[in-house]
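Each remark here refers to the structure printed beneath this line.
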Amino acid sequence: MYDTTLALPARGESTEAPHRRTDALRELAGRITGSLVLPSDHGWDDARRAWNLAVDQRPAAVAVPETTADVVAIVRTAIRLGMRVAAQTTGHNAGPLAHQSLRDTILVRFSAMREVRIDAERRRARVEAGAVWGDVVAPAAEAGLAALAGSSADVGVAGYVLGGGLSWLARAKGLAANHVLAFEVVTASGDVETVDAAHHADLFWALRGGGGDFAIVTAIHVRLFSITSVQAGTMLWPAEQVETVLSAWRSWVDTAPDEITSVGRILHLPPLPDLPPHLAGRSFVAIEAVSLFDADLTAALLAPLRALRPEIDTIHETPMTDLHLLHMDPPGPVPGLGDGMLLTTVDADDLAGIVEAVGVGSGTALLSFELRHLGGALSPDRAPADGGAVRAFDAEFAMYAVGIAPTPDAQAAVRASVARVMSALAPRRAAQSYINFVESARTADTLWDDGLERLRAVKREYDPTGLVRSNHPVD
Ligand SMILES: Cc1cc2nc3c(=O)[nH]c(=O)nc-3n(C[C@H](O)[C@H](O)[C@H](O)COP(=O)(O)OP(=O)(O)OC[C@H]3O[C@@H](n4cnc5c(N)ncnc54)[C@H](O)[C@@H]3O)c2cc1C
70 MYDTTLALPA RGESTEAPHR RTDALRELAG RITGSLVLPS DHGWDDARRA WNLAVDQRPA
130 AVAVPETTAD VVAIVRTAIR LGMRVAAQTT GHNAGPLAHQ SLRDTILVRF SAMREVRIDA
190 ERRRARVEAG AVWGDVVAPA AEAGLAALAG SSADVGVAGY VLGGGLSWLA RAKGLAANHV
250 LAFEVVTASG DVETVDAAHH ADLFWALRGG GGDFAIVTAI HVRLFSITSV QAGTMLWPAE
310 QVETVLSAWR SWVDTAPDEI TSVGRILHLP PLPDLPPHLA GRSFVAIEAV SLFDADLTAA
370 LLAPLRALRP EIDTIHETPM TDLHLLHMDP PGPVPGLGDG MLLTTVDADD LAGIVEAVGV
430 GSGTALLSFE LRHLGGALSP DRAPADGGAV RAFDAEFAMY AVGIAPTPDA QAAVRASVAR
490 VMSALAPRRA AQSYINFVES ARTADTLWDD GLERLRAVKR EYDPTGLVRS NHPVD
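Every position in the sequence shown, counted from 1, becomes a number in the numbering used here once 69 is added.
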């Protein structure tokens, strides 16, 4: 479980005696169409469990709304009781939230609000706050459209988009947050509002990359794209070839057009029976690529990498509905411990440091270390000026390192391995962070650079009492 000894002090201690608070929460449970579970209730541990099974989150209550009216009732009850609310779609990034004291917090889990409506004509979708990307990608594909989904089908649309959203089409289309058309929210005063460029423009700005610290989102309107398939897949080499392959990829990305988004990766796969025998228990260096070009042009562009003769090469025409398989993310909840940062660049010395920290013989406890290539439409000079709080990345790569950590010993080993590779890359750390890849509790000034004061001003305006609690608070 995550170390909670660093728990932050609660900002909003309840003004109610405990039994009166319990009575009021039970009364709320009877009033909403969804459900509300208290620690003494049967099913409490299931209710509070995050997608990341290594996280031990202990809120005062877990509410599962079914309607916006439920969310309003929950927020207004929290206001009356002097409590706080924290929204959670899946708990993929629950780690930093659990570092905070949640004893006065109602955790609002959106698993019962997953409706997705596709407007094929206008190429957009209205997505309820509990939807995961798999809920959107399939109906969008039926309409011949693609969403800027992340690598995993069960990541929540809300948390992903609120933090920025780095998709397989990121270098061509930019951050998913830049393609949000509107949010439907319940504010910290319990009011229902539509937030877009013309209404609550400051809040609209903050919600696009500033995270979930400003309001409770009940639905998101996102832009879709006329794409039905891409050339996509992975090239895998034995990990002993890591230096050759990663340095070839590092040079190659400088020439890659924006239509190709790629990831360089080191994988140490556990000897699990459900992995294919040619993968189980082995270590690989991998290059994953998604191309918007046709098969011939993609093959021509990838030729320098293929010349290194990968042992496995799965690049082929891939329907958008299969793209979630590419990154080999876990299909369901796992106990993971990971962290990441943006890197201004990566050179030959940095690659040597990565290999020393994560390569064969390093003794690393990591399952995966990855570098996602940024640039293209993610660059500050290309991103829309009216994008959100995170409209671009002033960095060439995003790194993320993760290991499976079901026990305290495994957690200590993975934590040390993550720290080792992050320290090797510390000189390349960008001033900006990408909060979706940050799974440790960090202070706000290490997460945002020049946008932080504006984010704090929006927080003061829309949530002056600090009712809304998020995994990455801005103050
Ligand atoms: C296996 C895996 C694959 C991933 N792949 C990618 C990827 O390809 N690209 C990428 O960019 N990121 C990726 N991520 C990171 C992911 O985007 C973040 O973990 C993100 O926070 C997950 O969103 P969630 O809603 O599922 O998580 P949650 O932990 O449920 O939410 C995270 C935070 O978002 C806010 N939030 C969530 N719902 C609401 C709401 N309704 N109202 C207000 N605030 C809300 C809250 O502050 C919450 O603490 C991946 C993570 C994992 C573990």
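Glycine residues also receive a C-beta, built at the ideal position from the N, C-alpha and C atoms.
Provide the residue span of the beta strand (DSSP E) that contains residue i, from first to last.
i: VAL249; result: 249-255
i: ILE285; result: 285-292
i: ILE143; result: No beta strand (DSSP E) contains ILE143, which is instead part of the alpha helix (DSSP H) from 137-150.
i: ALA132; result: 130-133
i: ARG538; result: Element bounds for ARG538: n/a, residue is neither H nor E.
i: HIS337; result: 329-337
i: TRP306; result: 298-307
i: ARG378; result: First-last for ARG378: undefined, no H or E at that position.
i: LEU406; result: 405-412
i: LEU166; result: LEU166 -> not in any beta strand (DSSP E); alpha helix (DSSP H) instead, spanning 164-167.
i: ASP188; result: 185-188
i: ARG191; result: Here ARG191 belongs to no beta strand (DSSP E), and DSSP marks it neither H nor E.
Take the Cβ of residue i as the centre, count every other Cβ of all protein chains shown within 10 Å, and call the residue buried at 16 or more, exposed below.
i: VAL261; result: exposed
i: THR115; result: One point to set straight first is that residue 115 is Asp, not Thr, in the sequence displayed. Exposed is the call here.
i: LEU75; result: Note that LEU75 has pLDDT 31, beneath the 50 cutoff, so the model's placement of it is unreliable and no number is given.
i: HIS385; result: exposed
i: ALA147; result: buried
i: LEU374; result: buried
i: ASP532; result: buried
i: SER22; result: Limits of the chain in this structure are 70 at one end and 544 at the other, which puts residue 22 out of reach.
i: ALA526; result: exposed
i: ALA364; result: exposed
i: GLU380; result: exposed
i: ASP139; result: buried
i: HIS541; result: buried
i: PRO134; result: buried
i: TYR71; result: Because TYR71 sits at a pLDDT of 35, beneath the cut-off of 50, its placement in the model cannot be relied upon, and the point is left open.
i: ASP544; result: exposed
i: PRO165; result: buried
i: LEU77; result: Caution is warranted here: a pLDDT of 33 is assigned to LEU77, below 50, making its placement in the model unreliable, and the coordinate value is therefore given only provisionally. By the 10 Å Cβ count, LEU77 comes out exposed.
i: ASP407; result: Going by the sequence as given, residue 407 is Gly instead of Asp. Buried, by the Cβ-count rule.
i: GLU253; result: buried
i: GLU530; result: exposed
Would a C-beta distance cut-off of 7 Å place residue i and residue j closer than the cut-off?
i: ALA163; j: VAL124; result: yes
i: ARG240; j: ASP110; result: no
i: TRP237; j: ALA222; result: no
i: GLU518; j: ALA500; result: The amino acid occupying residue 518 in the given sequence is Asp; Glu does not appear at that position. For ASP518 and ALA500, yes; Cβs fall inside 7 Å.
i: GLN480; j: ALA474; result: yes
i: ARG484; j: ALA467; result: no
i: LEU276; j: LYS242; result: no
i: VAL224; j: HIS290; result: no
i: GLY228; j: ALA246; result: no
i: VAL314; j: TRP321; result: no
i: ALA301; j: THR367; result: no
i: GLY199; j: SER180; result: yes
i: PHE462; j: LEU521; result: no
i: ALA119; j: ARG172; result: no
i: PHE283; j: LEU293; result: no
i: SER316; j: LEU447; result: no
i: SER352; j: ALA308; result: yes
i: THR433; j: SER486; result: yes
i: VAL490; j: LEU436; result: no
i: THR303; j: THR390; result: no
i: VAL230; j: VAL206; result: no
i: PHE506; j: GLY409; result: yes
i: VAL177; j: VAL185; result: no
Mind checking whether the beta-carbon of residue i lies closer than 6 Å to any heavy atom of ligand 3?
i: GLY281; result: In the structure on display, ligand 3 does not appear, and the ligands it does have are ligand 1.
Which two residues bound the contiguous alpha helix (DSSP H) that contains residue i?
i: GLY228; result: 226-232
i: TRP517; result: Neither: TRP517 is in no alpha helix (DSSP H) and is coded neither H nor E.
i: THR313; result: 311-322
i: SER492; result: 477-493
i: ARG460; result: From DSSP, ARG460 is part of no alpha helix (DSSP H); its letter is neither H nor E.
i: PHE273; result: 270-276
i: ARG497; result: Per DSSP, ARG497 belongs to no alpha helix (DSSP H) and is neither H nor E.
i: THR91; result: 87-100
i: ALA364; result: 364-375
i: ASP418; result: 417-427
i: ALA116; result: 113-117
i: GLY472; result: No alpha helix (DSSP H) contains GLY472, which is instead part of the beta strand (DSSP E) from 466-473.
Quiz item: Any chance the region 351-371 sits against the region 328-342, with 3 or more Cβ pairs inside 8 Å?
Solution: As far as the Cβ criterion goes, the region 351-371 touches the region 328-342, which means the pair count is three or higher.
Quiz item: On the three-pair Cβ rule with 8 Å, is the region 271-287 touching the region 452-460?
Solution: Yes, they touch.
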